[in-house]
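What follows is one structure encoded as structure tokens, with my remarks underneath.
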Amino acid sequence: MRKSRQSELIDQMTHRELTVHLYLTQFILLGISLVIGAFIFDMAEIGQKFKFDFKWFVWGIVNGAVVVSIDIIMMNLLPEKYYDDGGINNKIFKSMPLWQIPIVAFVIAFTEELLFRGIVQTSVGLVAASIIFAIIHLRYWSHWYLLVNVILLSFWIGIVYNLAGQLLWPVIAMHFTIDFLLGIYIKFGSFRKDL
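The working numbering puts the sequence shown at residues 21 to 215.
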């Protein structure tokens, strides 16, 4: 089978280059969040979104664990091509030191949820936030299953955000749990059976 252009580009990049790009992307998203947030919200509103509620925080972790469980089951049931993201997740997490996985997972969860839930969803609603969230995950556009997956996941996270009274820590916890557990799963090798 011929590799996609995306896979070829990923193969050419070192683990370090991919990691730098990942952090750079998150830094850009954080910058966008801070600029847009400064125009839309006042400091009191932003502070309210970061109010900590233990019950909802745990609810975010539980929802994240459920998403990962479903994902791992589907990875083992469906042909491998359904989860082919061009090899980027494998290349990032396989070589990543174990201590760095929770840091990467937290950075991604914090920046993406601040932007997509805290700013976009709060301002224009769940549907628009979910569509924009899917749009920025460019590597999934050519894979219908992964695109549907990321759209459904975005709606799920957005619903948790609304149910939690638009608090950010529950959705940051959910997103962190998903990325952290899947990062660990990839790092130590999937238990996927070949179909």
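Heads up, the beta-carbon is just placed ideally off N, CA and C, and yes, glycines get one too.
Just to confirm before moving on: does the CB-CB distance between residue i and residue j stay below 9 Å?
i    : j    : result
A129 : M194 : yes
I112 : T197 : no
Q46  : E132 : yes
I52  : L135 : yes
L173 : V87  : yes
N110 : I206 : yes
R159 : I108 : yes
Pull up the distance between the alpha-carbon of residue i and that of residue j, whole angstroms please.
i    : j    : result
L166 : A154 : 10 Å
G106 : T34  : 14 Å
K168 : S150 : The sequence given here has Val at residue 168, not Lys. Roughly 11 Å between the two C-alpha positions.
D62  : I81  : 29 Å
M95  : A64  : 43 Å
G209 : F126 : 21 Å
V180 : I90  : 17 Å
S115 : I60  : 40 Å
D104 : I139 : 31 Å
K101 : G57  : 39 Å
V144 : V170 : 19 Å
R22  : W161 : Note that R22 scores 48 on pLDDT, short of 50, meaning its location in the model is unreliable; the coordinates nonetheless yield the value given after this. Looking at the two C-alpha atoms, the distance is approximately 18 Å.
L97  : F175 : 23 Å
T142 : H157 : 20 Å
In this structure, does DSSP put residue i in helix, strand or coil?
i    : result
Q1   : In this structure the chain extends from 21 to 215, so residue 1 is not present and cannot be described.
T39  : helix
G178 : helix
D91  : helix
K71  : coil
S122 : Looking at the sequence itself, residue 122 is Pro, so the reference to Ser does not match. The answer is helix: DSSP assigns P122 an H, G or I state.
G209 : coil
M21  : Any reading at M21 must be qualified, since the residue scores a pLDDT of 44, below 50, and its modelled position is unreliable; the value itself is stated next. Coil.
G57  : helix
Buried or exposed: residue i, going by 16 or more other Cβ atoms within 10 Å of its Cβ?
i    : result
R36  : exposed
F200 : buried
I177 : buried
W189 : buried
H41  : exposed
V242 : Lying before the first or after the last residue shown, residue 242 is absent from the chain, which here runs from 21 to 215.
L49  : buried
I121 : buried
L202 : buried
Give a yes or no on whether the minimum CB-CB distance between residue i and chain C is below 9 Å.
i   : result
N83 : No chain C is part of this structure, which consists of one protein chain only.
Answer yes if the region 180–192 comes into contact with the region 65–77, meaning at least three C-beta pairs across the two stretches below 8 Å, and no otherwise.
-> yes
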